[in-house]
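A.B. asks: In this text, residue positions in the sequence shown follow the working numbering: the first is 142, and each later residue adds one. Cβ atoms here follow ideal geometry from the backbone N, Cα and C, with glycine treated the same way. Everything numeric in this text was worked out from a predicted model, so none of it was measured.
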Amino acid sequence: MGDHETTVTATSQGDASKTDSVTVTTTVEEVRYGVELTVDTPAKTVYTSKTATYTLTVKNTGNQVDTIDLTKAGIGTLSKSSVTLGAGATEAVSLSVSSTTAGTYETTVTATSQGNTSKSDSVTVTTTVNKKPRGGGSYTRLDSDGDGYSDIDEIIAGTDPNDPNDYPGAVAPTPTPTTAPTTAPTTAPTIPPTVAPTTAPTAAPTPTEEVPGFGAVFAIAGLLAVAYLVLRKKRK
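1. Sorted by chain position, which residues of the same chain lie with C-beta nearer than 8 Å to THR225's C-beta, five sequence neighbours on each side aside?
2. Short of 6 Å in beta carbon distance, which residues of its chain neighbour ALA193, apart from the five on each side in sequence? Order them along the chain.
3. Would you give the residue range spanned by the alpha helix (DSSP H) that ALA157 belongs to?
4. Do you know how far the Cα of SER190 is from the Cα of TYR301?
5. Using the Cα positions of GLN154 and GLU171, report the straight-line distance between them to the nearest angstrom.
6. Measure from the alpha carbon of TYR246 to the alpha carbon of each residue in THR168, LYS213, GLY310, then state which is nearest.
7. How would you call LEU370, buried or exposed, if buried means at least 16 neighbouring beta carbons within 10 angstroms?
8. Mind checking SER220: buried by the 16 CB within 10 Å criterion, or exposed?
9. Just verifying my parser: in three-state terms, what is the DSSP assignment at ILE209?
10. What does the alpha-carbon distance come out to for the pair THR152 and GLY203?
11. Measuring alpha carbon to alpha carbon, tell me which residue in GLY217, SER235, VAL270, SER223 is nearest GLN255.
12. Mind checking which residues open and close the beta strand (DSSP E) that includes ASP262?
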């Protein structure tokens, strides 16, 4: 254990007076193993329908890489049964405790070094499990989501007793307005005006020209006939 010096010298065979040397120091440390176990909180209270979750921190306090085993005594479930850590490293492990029967439960978790099993550490947590109240009466009303409103009040108000953001009087998020697509106005087709057919003017009938003197001929003929008749009467 401790520091150890080593000197190396190089000498020429052709001239033994020619030499050089170096000295190195080697520190020999004792192999140490160690473990430390801590918990975020030593006690929690839950209802029979809930789970108490503890966060355990495992630390390798030795100077070697080590695998640390985790065991428990009492009710609960560990997220890991062992962790491998470098010197000085840490890792978080969770312990979940629940029960269907009301009561107080102690759970002890122990961390043990595989490099040296005499090195270990442990923590004990206490979990109080209460019977879930039905609400009303002298019981403390259950508030599952922790929003300050009991489950029975939220059920009556129509809100979700398991959603901390949904409670009586909560302002509903304003929905993002949906912009309706703008429809270009449809232009009615322009119908050309109906042009009334143009009626060709009816040509006035061209009067038929009478043969010049035709009427006079009849008049003369009539006069001759009358004259003839008069003459005949006179001869008789």
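C.D. replies: Taking the geometry as given:
1. Numbered from 1 along the sequence shown, position 84 holds the residue referred to as residue 225. If we look at THR225 and ignore the five residues flanking it on each side, its Cβ neighbours are VAL206, ASP207, THR208, ILE209.
2. For the purposes of this step, residue 193 is identified with residue 52 of the sequence shown, where counting begins at 1. LYS185, VAL187, VAL238, THR268, listed in sequence order.
3. Numbered from its first residue, the sequence shown carries residue 157 at position 16. Careful: ALA157 lies outside any alpha helix (DSSP H) and carries neither H nor E.
4. Numbered from its first residue, the sequence shown carries residue 301 at position 160. Numbered from its first residue, the sequence shown carries residue 190 at position 49. For clarity, residue 301 is Asp in the given sequence; the question names Tyr instead. About 17 Å.
5. For this step, residue 154 is matched to residue 13 along the sequence shown. For this step, residue 171 is matched to residue 30 along the sequence shown. Cα-Cα distance, rounded: 41 Å.
6. Counted from its first residue, the sequence shown places residue 246 at position 105. Selected option, being the one with the closest Cα: LYS213.
7. Within the sequence shown, the letter at position 229 stands for residue 370. Answer is exposed; the Cβ neighbour count stays below 16.
8. On the sequence shown, residue 220 is found 79 positions in, with the first residue counted as 1. With fewer than 16 Cβ atoms within 10 Å of its Cβ, SER220 is classed as exposed.
9. For the purposes of this step, residue 209 is taken as residue 68 along the sequence shown, with counting starting at 1. Strand.
10. Translated into positions along the sequence shown, residue 152 becomes position 11. Translated into positions along the sequence shown, residue 203 becomes position 62. Those two C-alpha atoms are separated by around 43 Å.
11. One-based indexing of the sequence shown puts residue 255 at position 114. Checking every option, the nearest Cα to that of GLN255 belongs to SER223.
12. For the purposes of this step, residue 262 is taken as residue 121 along the sequence shown, with counting starting at 1. From DSSP, the beta strand (DSSP E) with ASP262 extends over 261-271.
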